[in-house]
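A short worksheet on the structure shown next.
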Amino acid sequence: MGKVYVFDHPLIQHKLAYIRDINTGTKEFRELVDEVASLMAFEITRDMPLEEVEIQTPVSKAKVKMLSGKKVGIVPILRAGIGMVDGIIKLIPAAKVGHVGLYRDPETLKPVEYYAKMPSDLAERECIVVDPMLATGGSAIEAINSIKKRGAVNIKFMCLIAAPEGVEALKEAHPDVDIYIAGLDEKLNEHGYIVPGLGDAGDRLFGTK
Ligand code: PRP
Ligand code: URA
């Protein structure tokens, strides 16, 4: 079964408080999502394999450690996942980015895929699927179905805020996927919104509605 990590780092929690706040405007919201995505990427990459290499410093030769092994693919779920991409790329500049476009039908709350474009070597990459919100879990489950169909095998899911219902659904549908969360909330309301949550992530990021 995939593991669930809830980040309790004080910087992440502090910034998440501002992200949730209704008085935080679009510009600040975007900047904070970017910063929290960076901080989460720092934690999420903790288990990346290293290899020893020899380099020359101005003083002597030195055996140092550098990243080895799998390359990274970041897969934002459109729209709101886009807000987390730059923050991760700052730390992992060689990562490639695949996009999957999904929207939740407002009546059924079921995800509808409208776009998918992935790096061709997805199977060789450690894929990090990103979306600020894991609510019913439908979008994350469908996005991961979509990348698995295209070859992805090594997958992590990272979100800012999750509802317990979404975490359970995602664990059940994709037991091989570890889930990384900044804030695990109380529940979903009758419209499928996370309580207390942050509202509509896409609208707050892009200033729509
Ligand atoms: C939001 C959010 C997730 C999804 C989560 O997107 O960004 O993708 O809802 O809900 P779920 O876990 O119940 O599927 P939305 O469908 O509002 O689309 P948008 O990003 O285009 O606004
Ligand atoms: N999508 C959002 O943007 N917010 C929620 O609370 C749930 C789904």
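According to UniProt numbering, the sequence shown holds residues 1 to 209 in order.
Yeah, the Cβ is synthetic: ideal placement off N, Cα and C, and Gly gets one too.
Can you tell me which of the three DSSP states residue i falls into?
i           : result
H174        : coil
E28         : helix
H9          : coil
H99         : strand
Y193        : coil
M1          : coil
I179        : strand
residue 218 : No statement about residue 218 is possible, as the shown extent of the chain runs from 1 to 209 and does not include it.
K148        : helix
What residues match up with residue i in a beta bridge as DSSP calls it?
i    : result
Q56  : K61
E51  : M66
L122 : Looking at the DSSP assignment, L122 forms no beta bridge with any residue, so it has no partner.
I128 : I74, K156
Quick check: does the Cβ of residue i come within less than 7 Å of any heavy atom belonging to the ligand GDP?
i    : result
T136 : In terms of ligand content, the structure shown lacks the ligand GDP and carries the ligand PRP and the ligand URA instead.
Out of the options, which one is the CA nearest neighbour of residue i?
i    : options                : result
I141 : E124, R125, E113, G69  : E113
C127 : L134, G137, R150, A135 : R150
E124 : A173, K70, D176        : K70
R104 : P93, S139, Y115        : S139
L188 : T208, I44, A163        : A163
E51  : P111, K63, I44, V59    : K63
Within its chain, find whatever has a CB closer than 6 Å to the CB of residue i; leave out the 5 residues flanking it on each side and keep chain order.
i    : result
R204 : F29
Y18  : T24, L32
G87  : D34, A37, S38
F157 : V129, A140, V177, I179
M118 : G98, R150
A173 : I141
Would you mind reading off the limits of the alpha helix (DSSP H) that contains residue i?
i    : result
V153 : Taken as a continuous stretch (DSSP letters only), V153 belongs to no alpha helix (DSSP H), as it is neither H nor E.
G95  : For the sequence presented, residue 95 should be read as Ala rather than Gly. Looking at the DSSP string, A95 is not in any alpha helix (DSSP H), and its letter there is neither H nor E.
G83  : Counting along the chain, G83 falls outside any alpha helix (DSSP H), and DSSP gives it neither H nor E.
Residues in its own chain within less than 8 Å of residue i by CB, not counting five upstream and five downstream?
i   : result
F42 : L91
I89 : I74, A95, V97
The beta strand (DSSP E) spanning residue i covers which residue range?
i    : result
L78  : 71-78
A116 : 111-117
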